[in-house]
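Mind the numbering: the sequence shown is residues -29 to -1, 1 to 431 in mature numbering (1 follows the signal peptide of the UniProt record, and there is no 0), read in order.
We treat Cβ as the ideally placed atom computed from N, Cα and C, and that holds for glycine.
Read the structure below first, then the notes.
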Amino acid sequence: MSLRYALRHGIAVGLMSAALLGPSAPARAEVILPTGTVETGNLPLPRLALPQGSPRGFVFLFSGAQGWGTTDEALAARWRREGVAVIGLDTPAWLARAASAEGECADLAGDLEGLSQTLQQALGQDQYRPPVVAGLGMGGTVALAALASAPVRSFAAALAVDPAPMLPLGTPLCRDQKPPLPPGSAGFGFPGADLADPATVVLTPTALPDARAQARLAHRAQPQVRLVRATGPLPGILDRRMRRVLWSLDQPTDTSVVPLPAAATQSVLAIVYSGDGGWRDLDRDIARRLQAQGIPALGIDSLRAFWKRKTPEEAAAQLSQLIRHYTEAWGVNRVLMIGYSFGADLLPETLVALPAEDRARIAQVSLLALSPVGDFEINPTGWMGQPPVQPTPTLPALRRLDPSKIQCLYGRDEAEDSACPGLESEGVEVVVLPGGHHFDGAYGHLTDIITTGLKARLSP
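Below, the structure written as structure tokens:
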């Protein structure tokens, strides 16, 4: 169970020390986390193989059922020479730790993502790179299980060569804001799972019959699952497939802005700033609902856009460019601004710094789960309940905006941590809803409140 999951569900856990790759690693691999500790949840102590210079990619490599051995070490060393940071994990050790997980489930995806973010921040990466999860045999099944239990955009891809048909795991796998995957589905058919990120399952002539059947089921049920047949030594197959994935990840692209075009029915563009987890859940759902109602939307993935600190002026300059480009490209005049959590906290300062002509286009500002303080840089421990690194009060800037255009929505369960209560006396529309930070998953109702307010504000 990850610390993220524990804090969300009121379970206390401690920190685990990280292990580094052995003496064959370069000197750079021995100087990693400045604090000497990292939260690994149910992950075993990781083996880190780090390249010289800034890594071009990050790979979680799970061992086979026999445990971490020379084959895994050789793959990690080979990919390290290609400029990839490899985090090696012993599969039997993970299975043992997951079997004794506290709480209702083991948060495999959350543990991997938390470790990835912490490591990449410690290495000073200029941008966040979602990791690849990979493995041979049982390790491949764990990689696919991570993908099946993860929110969208958590991993760049999953690679599995001759995966085992099932995981010998009696513990459910946690899924963020969704029911856990029961133990009986911990193979890679994953009924009920939505694999939003790409997966490749490679089968050789030595693959088990049950694995072949599972692979066919997964391929038919999940459009993101690619089924490949190959011959030869398994490590060589995994290596060749990994090189293809890494090449595709090398292609330049801005993943921090997610366009959702639509035939505009109200001459309005919605710009939605996500929480610090990235473009994946509440923010993505609301934007897609708006798109379906004829409101084109732009998603701003805060995990990627604010991986490195920005000033409010820099954030406003980017926002100004987006407003001017997309209002013209999509033929709309007005703008609906929405921010959730981290994204809500940075919006007031950003909008104050926005050029007046762009700010005049804004019809409504909807702030969801607004905190008293915010930040302009992602902190990997932010979802652990830790405060911002450089906290900026949100209310002084908010009070410089037109209160009649502002909605402030919060869950009743986090009233003490919200900046919304009391703002109604200043002319802000304040809405209190059941639930906590995720509003009990009532995203349709949230969207209705936002669009109802928008229609009223657009009326002459």
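Where the beta strand (DSSP E) through I377 begins and ends: In the sequence shown, residue 377 corresponds to position 406, counting from 1. Taken as a continuous stretch (DSSP letters only), the beta strand (DSSP E) holding I377 covers 377 to 382.
Q.
For a quick check, are the C-beta atoms of P374 and G398 less than 8 Å apart?
A. Stepping through the sequence shown from its first residue, residue 374 is reached at position 403. Stepping through the sequence shown from its first residue, residue 398 is reached at position 427. Taking 8 Å as the cut-off, the Cβ atoms of P374 and G398 count as close.
Worksheet item: Hey, L404 and Y311: beta-carbon distance below 8 Å or not?
Response: Mapped onto the sequence shown, residue 404 falls at position 433. Mapped onto the sequence shown, residue 311 falls at position 340. Not closer than 8 Å, so no.
Give me whichever residues DSSP pairs with A135 in a beta bridge. The residue labelled residue 135 in the question sits at position 164 within the sequence shown. Per DSSP, none; premise fails for A135.
Run of the alpha helix (DSSP H) containing S273, from where it starts to where it stops: In the sequence shown, residue 273 corresponds to position 302, counting from 1. Element bounds for S273: 273 to 276.
Please state the DSSP three-state secondary structure of P230.
One-based indexing of the sequence shown puts residue 230 at position 259. Three-state DSSP puts P230 in a strand.
Give the range of the alpha helix (DSSP H) segment to which Q335 is assigned.
-> For this step, residue 335 is matched to residue 364 along the sequence shown. It is not in any alpha helix (DSSP H) - Q335 instead sits in the beta strand (DSSP E) that spans 333 to 339.
Those residues which DSSP pairs with V30 across a bridge:
By one-based count along the sequence shown, residue 30 stands at place 59. Per DSSP, V57, V103.
- request: Round the Cβ separation of I257 and T62 to the nearest angstrom and send it over; I've been treating them as touching at under 8 Å.
  value: As a working note, residue 257 is residue 286 in the sequence shown. As a working note, residue 62 is residue 91 in the sequence shown. About 38 Å; that fails the 8 Å criterion.
message: Please list the terminal residues of the continuous alpha helix (DSSP H) segment that includes P63.
response: As a position in the sequence shown, residue 63 is number 92, starting the count at 1. Bounds of the alpha helix (DSSP H) holding P63 are 62 to 70.
In whole angstroms, what is the alpha-carbon distance linking Y297 and E44?
-> Working through the sequence shown from its first residue, we reach residue 297 at position 326. Working through the sequence shown from its first residue, we reach residue 44 at position 73. If you take the alpha carbons of Y297 and E44, they lie about 48 Å apart.
Original post:
At which residue ranges does the segment 266 to 332 contain complete alpha helix (DSSP H) runs of 4 or more residues, listed in the order of the chain?
Top reply: 273 to 276, 283 to 300, 313 to 323, 327 to 330
Is Q292 buried or exposed, if buried means 16 or more other CB atoms sit within 10 Å of its CB? As a working note, residue 292 is residue 321 in the sequence shown. Burial call: exposed.
Taking Cβ positions, are Q185 and P232 nearer each other than 8 Å? To locate residue 185, count along the sequence shown from 1; it is residue 214. To locate residue 232, count along the sequence shown from 1; it is residue 261. No.
With a cut-off of 8 Å, do at least 3 Cβ pairs link the segment 31 to 44 to the segment 89 to 98?
Judged by Cβ distances under 8 Å, the segment 31 to 44 makes no contact with the segment 89 to 98, as fewer than three pairs qualify.
Practice item. Under 8 Å Cβ to Cβ from G108, same chain only, skipping five residues before and after it: list those, please. Key: For the purposes of this step, residue 108 is identified with residue 137 of the sequence shown, where counting begins at 1. The answer, listed in chain order, is G35, A36, V132, D133, P134, A135, L205.
Option nearest A395 by Cα separation, candidates L380, P319, R428, E285
In the sequence shown, counting from the first residue as 1, residue 395 sits at position 424. For clarity, residue 395 is Glu in the given sequence; the question names Ala instead. Checking every option, the nearest Cα to that of E395 belongs to L380.
Practice item. Just the C-alpha distance for T89 and P351, rounded to the nearest angstrom, thanks. Key: Looking up residue 89 in the sequence shown gives position 118. Looking up residue 351 in the sequence shown gives position 380. T89 and P351: Cα-Cα distance of roughly 6 Å.
Under 8 Å, with one C-beta from each stretch per pair, do the segment 75 to 83 and the segment 141 to 155 reach the 3-pair mark?
These segments touch.
Is DSSP giving A77 helix, strand or coil here?
In the sequence shown, counting from the first residue as 1, residue 77 sits at position 106. Reduced to three states, the DSSP call for A77 is strand.
TODO: Could you have a look at G95 and say whether DSSP puts it in helix, strand or coil?
DONE: Locating residue 95 in the sequence shown gives position 124, counting from the first residue. In the structure shown, G95 sits in coil (DSSP, three-state: anything other than H, G, I, E or B).
Exercise for the section: Buried or exposed for E284, please, with buried defined as at least 16 other CB atoms from any protein chain shown within 10 angstroms of its CB. Expected result: If you number the sequence shown from 1, residue 284 lands on position 313. Label assigned to E284: exposed.
Beta-carbon proximity check, T236 vs A287, cutoff 8 Å | Working through the sequence shown from its first residue, we reach residue 236 at position 265. Working through the sequence shown from its first residue, we reach residue 287 at position 316. No, the Cβ-Cβ distance between T236 and A287 is not below 8 Å.
**OP:** Would you mind working out which of A368, V303, D329 sits nearest D316, comparing C-alpha positions?
**Re:** Residue mapping note: residue 316 aligns to position 345 of the sequence shown, counting from 1. That would be A368, whose Cα lies nearest to the Cα of D316.
Please identify the residue among L14, P364, G59 whose C-alpha is closest to the C-alpha of L21. Position 50 of the sequence shown holds residue 21. That would be G59, whose Cα lies nearest to the Cα of L21.
>> Tell me which residues share the same chain as W250 and place their Cβ nearer than 7 Å to its Cβ, disregarding the 5 neighbours each side in the sequence.
In response: Stepping through the sequence shown from its first residue, residue 250 is reached at position 279. Excluding residues within five positions, the ones whose Cβ falls inside 7 Å are R124, V229, G270, D272.
Requested in this report: For G207, count neighbouring C-beta atoms within 10 Å of its own C-beta (all shown protein chains included) and say buried if the count is 16 or more, exposed if not.
Outcome: Stepping through the sequence shown from its first residue, residue 207 is reached at position 236. So G207 ends up on the exposed side.
Could you pull out every residue in the same chain whose Cβ sits closer than 7 Å to the Cβ of W50, ignoring the five residues on either side in sequence?
-> Here the question's residue 50 lines up with position 79 in the sequence shown. Counting only Cβ-Cβ distances below 7 Å, and skipping sequence neighbours, we find V30, V57, M213.
Would you please state the rounded distance, in angstroms, between the beta carbons of T365 and S342? I believe it to be under 8 Å.
Indexing the sequence shown from 1 puts residue 365 at position 394. Indexing the sequence shown from 1 puts residue 342 at position 371. Confirmed, Cβ separation roughly 7 Å.
Please tell me whether Q37 has its Cβ less than 8 Å away from any Cβ of chain C. Absence of chain C from the displayed structure is noted, only one protein chain being present.
inquiry  = For Q378 and R191, I'd like the C-alpha separation in whole angstroms.
reply    = Working through the sequence shown from its first residue, we reach residue 378 at position 407. Working through the sequence shown from its first residue, we reach residue 191 at position 220. Going from the Cα of Q378 to the Cα of R191 covers about 44 Å.
**Q.** Rounded separation between residue 447 and A300 - CA only
**A.** With the chain running from -29 to 431 in the structure shown, residue 447 is simply not present.
In three-state terms, what does DSSP make of V403?
If you number the sequence shown from 1, residue 403 lands on position 432. It is a strand residue.
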